[in-house]
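Asks: Encoded as structure tokens, here's the structure I'll be asking about.
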Amino acid sequence: MDAQRALLDELMGAARNLTDEERKGYKEIKWDDKEVCASYMVRFCPHDLFVNTRSDLGSCPRIHDQKLKESFENSPRHDSYVPRFEAELAQFCEKLVADLDRKVRRGRERLDQEVEPPPPPPISAEKAEQLSVLEDKIKNLLEQVESLGEAGKVDEAEALMRKVEILNVEKTALTQQPLSAATMLTQEKKMALCEICGSFLVANDAVERTQSHITGKQHIGYGMVRDFISEYKAAKEKAREEERLAREKDAEERRKQREKENESKSRRSISSERDRHRDRDREYSRDRERSRDWNNRGNRNDGRGMDRRRHDDYRNGRDGGGRIRNYGRERETSRSRSPVRHGHRR
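Right, here's the structure in full:
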């Protein structure tokens, strides 16, 4: 029912059931209006994270309404508006974290510039003389302990070792210098810096105080801001990587398609060339067949025609060249031209 009501509110308006009199002066607010906090719609509003802390940002100038947020979540336009709202929130959070990081750097520099406690002053001459006497006694006792141990007198050696331990305690007391109140306070109150929220902490503080800081509103708030920025950047990087892979995949598919088309064109070209050669060969074969047929026909016709002409010439008294045959006249002419004369024989 709530989802249906939110959908009706979005489509028809929240004032759909108001009377005409009630509608006067009524301004209906929708989740996509500029007066509505987009950060609150999509994730969280940074102004709500640091209330009553040293990082308090004050009240948000835009509208925070749970019903509008539910209407946005149930809207069919929800997915298309989420990237826009997240980008606006990320821009605000990045500015917030940049200011905090500058504060952290300044605090770290201040801690690095803190003066270390001065070394203890040298011991006085009187204490130095007492220390020398103690060291001589300890040395002599240790030599005696070694001699007794070699002689097998264990009980006497142990008694001398107890004296050596007492002298070592006195020596330690002489070498130690009493710490000043400032030095003790400095060592006790050595400060540290929280890298998440920029708060100064006491190093090696009690567990309860450390846990109270971690669960505090300021630490949790900046942790949420930093986590959101990391998620947003990771999502953007993933989207860019997916887009790059998609472009590479499309380019590879286009390349394969071009290769396939070129291969198909090449095959068609080779096939067309083969067809042209085949047609040329067929045409050449047909021309040779026609030429052979025409030659054969011409030879047969020429032979029959020559025989027929020779037969006609023979019947008409002509020679093969078409001349009239006159064998008698030719013989007489040949005799008259002969150089041998009648009556003059050798």
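Counting in my numbering, the sequence shown tops out at residue 408, every number present.
Note that the Cβ used here is the ideal one computed from N, Cα and C, for glycine as well.
In this text the structure is predicted, and so the values were computed from the model without any measurement.
#1: Just to check my reading of the structure: residue 206 and residue 222 have Cβ atoms closer than 8 Å, yes? What is that Cβ distance to the nearest angstrom?
#2: Report yes if the CB atom of residue 258 is closer than 8 Å to the CB atom of residue 155, and no otherwise.
#3: Do residue 232 and residue 196 have their CB atoms nearer than 8 Å?
#4: According to DSSP, simplified to helix, strand and coil, what is residue 268?
#5: With H, G and I counted as helix, E and B as strand and the rest as coil, what does DSSP make of residue 134?
#6: Are the CB atoms of residue 169 and residue 263 nearer to each other than 8 Å?
#7: Take the Cβ of residue 148 as the centre, count every other Cβ of all protein chains shown within 10 Å, and call the residue buried at 16 or more, exposed below.
#8: Taking buried to mean at least 16 other C-beta atoms within 10 Å of its own C-beta, is residue 109 buried or exposed?
#9: Look up residue 253 in the DSSP assignment and give the residues it is bridged to.
#10: Alpha carbon to alpha carbon, how far is residue 321 from residue 327?
#11: Roughly how many whole angstroms lie between the Cα atoms of residue 350 and residue 313?
#12: Report the option in 139, 96, 112 whose CA atom is closest to the CA atom of residue 123.
#13: Can you list, in chain order, the residues of its chain with a C-beta nearer than 6 Å to that of residue 101? Leave out the 5 residues immediately preceding and following it.
#14: Enumerate in chain order the residues of its own chain whose CB-to-CB distance from residue 165 is below 8 Å, with the five nearest sequence positions on each side excluded.
#15: Taking DSSP as the reference, what is the three-state secondary structure of residue 98?
#16: Using the DSSP secondary-structure output, state which residues sit across from residue 125 in a beta bridge.
#17: Measure the Cβ-Cβ separation of residue 283 and residue 111 and say whether it is below 8 Å.
#18: According to the Cβ coordinates, are residue 134 and residue 140 closer than 8 Å?
#19: Can you name, in chain order, every residue of its own chain whose Cβ lies under 6 Å from the Cβ of residue 352, other than the five neighbours on each side?
#20: So, are the CB atoms of residue 286 and residue 173 less than 8 Å apart?
#21: At the level of alpha carbons, what is the spacing between residue 98 and residue 302?
#22: Buried or exposed for residue 333, going by 16 or more other Cβ atoms inside 10 Å?
#23: Leaving out five residues on either side along the sequence, give the residues of the same chain with a beta carbon under 6 Å from the beta carbon of residue 131.
#24: Can you find the residues in the same chain that come closer than 7 Å, C-beta to C-beta, to residue 120, ignoring five residues on each side of it along the sequence?
#25: Are the CB atoms of residue 117 and residue 280 within a distance shorter than 8 Å?
#26: Assuming residue 200 and residue 216 form a contact by the criterion Cβ under 8 Å, report the distance between their Cβ atoms to the nearest whole angstrom.
#27: Are residue 159 and residue 288 closer than 8 Å when you measure CB to CB?
Replies: So, from the data block:
#1: Sequence index remark: in the sequence shown, residue 206 carries index 144 (1-based). Sequence index remark: in the sequence shown, residue 222 carries index 160 (1-based). Sure, about 6 Å apart at Cβ, within 8 Å.
#2: Taking the first residue of the sequence shown as 1, we reach residue 258 at position 196. Taking the first residue of the sequence shown as 1, we reach residue 155 at position 93. The beta carbons of residue 258 and residue 155 sit no closer together than 8 Å.
#3: Here residue 232 corresponds to residue number 170 of the sequence shown, with the count starting at 1. Here residue 196 corresponds to residue number 134 of the sequence shown, with the count starting at 1. Yes. Within cutoff.
#4: As a first step, residue 268 is located in the sequence shown; it is residue number 206 there, counting from the start. In the three-state scheme derived from DSSP, where H, G and I count as helix and E and B as strand, residue 268 is classed as coil.
#5: Within the sequence shown, residue 134 is the residue found at index 72, counting from 1. Three-state result, residue 134: helix.
#6: What you label residue 169 is simply residue 107 of the sequence shown in a count that begins at 1. What you label residue 263 is simply residue 201 of the sequence shown in a count that begins at 1. With contacts defined by Cβ atoms closer than 8 Å, residue 169 and residue 263 do not form a contacting pair.
#7: Sequence index remark: in the sequence shown, residue 148 carries index 86 (1-based). The residue is buried, with at least 16 neighbouring Cβ atoms inside 10 Å.
#8: Reading the sequence shown from its first residue, position 47 is the one you call residue 109. In the assembly as shown, residue 109 is a buried residue. Its beta-carbon has 16 or more other beta-carbons within 10 Å.
#9: By one-based count along the sequence shown, residue 253 stands at place 191. The partner list for residue 253 (beta bridge, DSSP) reads 264.
#10: Start at 1 with the first residue of the sequence shown, and residue 321 comes out as number 259. Start at 1 with the first residue of the sequence shown, and residue 327 comes out as number 265. Straight through space, the alpha carbons of residue 327 and residue 321 are spaced by roughly 10 Å.
#11: To locate residue 350, count along the sequence shown from 1; it is residue 288. To locate residue 313, count along the sequence shown from 1; it is residue 251. Looking at the two C-alpha atoms, the distance is approximately 54 Å.
#12: The residue given as residue 123 occupies position 61 in the sequence shown. Out of 139, 96, 112, 96 has the C-alpha closest to the C-alpha of residue 123.
#13: Within the sequence shown, residue 101 is the residue found at index 39, counting from 1. Counting only Cβ-Cβ distances below 6 Å, and skipping sequence neighbours, we find 107, 151.
#14: One-based indexing of the sequence shown puts residue 165 at position 103. Same-chain partners within the cutoff: 260.
#15: Working through the sequence shown from its first residue, we reach residue 98 at position 36. Residue 98 falls in the strand class under three-state DSSP.
#16: Within the sequence shown, the letter at position 63 stands for residue 125. Paired residues: 98.
#17: The sequence position of residue 283 within the sequence shown is 221, counting from 1. The sequence position of residue 111 within the sequence shown is 49, counting from 1. In this structure, the beta-carbon distance from residue 283 to residue 111 falls below 8 Å.
#18: The residue you call residue 134 lines up with position 72 of the sequence shown. The residue you call residue 140 lines up with position 78 of the sequence shown. Yes, Cβ-Cβ distance for residue 134 and residue 140 is below 8 Å.
#19: The sequence position of residue 352 within the sequence shown is 290, counting from 1. None.
#20: Here residue 286 corresponds to residue number 224 of the sequence shown, with the count starting at 1. Here residue 173 corresponds to residue number 111 of the sequence shown, with the count starting at 1. It is not a contact, given that the beta carbons lie outside the stated cut-off.
#21: The residue you call residue 98 lines up with position 36 of the sequence shown. The residue you call residue 302 lines up with position 240 of the sequence shown. Cα to Cα, residue 98 sits roughly 30 Å from residue 302.
#22: Residue numbering aside, residue 333 sits at position 271 when the sequence shown is read from its first letter. With fewer than 16 other Cβ atoms within 10 Å, it is exposed.
#23: For the purposes of this step, residue 131 is taken as residue 69 along the sequence shown, with counting starting at 1. Closer than 6 Å at the Cβ level, and outside the excluded window around residue 131, lie 103.
#24: The residue given as residue 120 occupies position 58 in the sequence shown. Sequence-distant partners of residue 120 (beyond 5 residues in either direction) whose C-beta falls short of 7 Å from its own C-beta, in its chain, are 109.
#25: As a first step, residue 280 is located in the sequence shown; it is residue number 218 there, counting from the start. As a first step, residue 117 is located in the sequence shown; it is residue number 55 there, counting from the start. In this structure, residue 280 places its C-beta atom within 8 Å of the C-beta atom of residue 117.
#26: Residue numbering aside, residue 200 sits at position 138 when the sequence shown is read from its first letter. Residue numbering aside, residue 216 sits at position 154 when the sequence shown is read from its first letter. Actually they do not touch by this definition, with Cβ atoms about 20 Å apart.
#27: The count along the sequence shown starts at 1 and reaches residue 159 at position 97. The count along the sequence shown starts at 1 and reaches residue 288 at position 226. Result yes, Cβ atoms of residue 159 and residue 288 sit closer than 8 Å.
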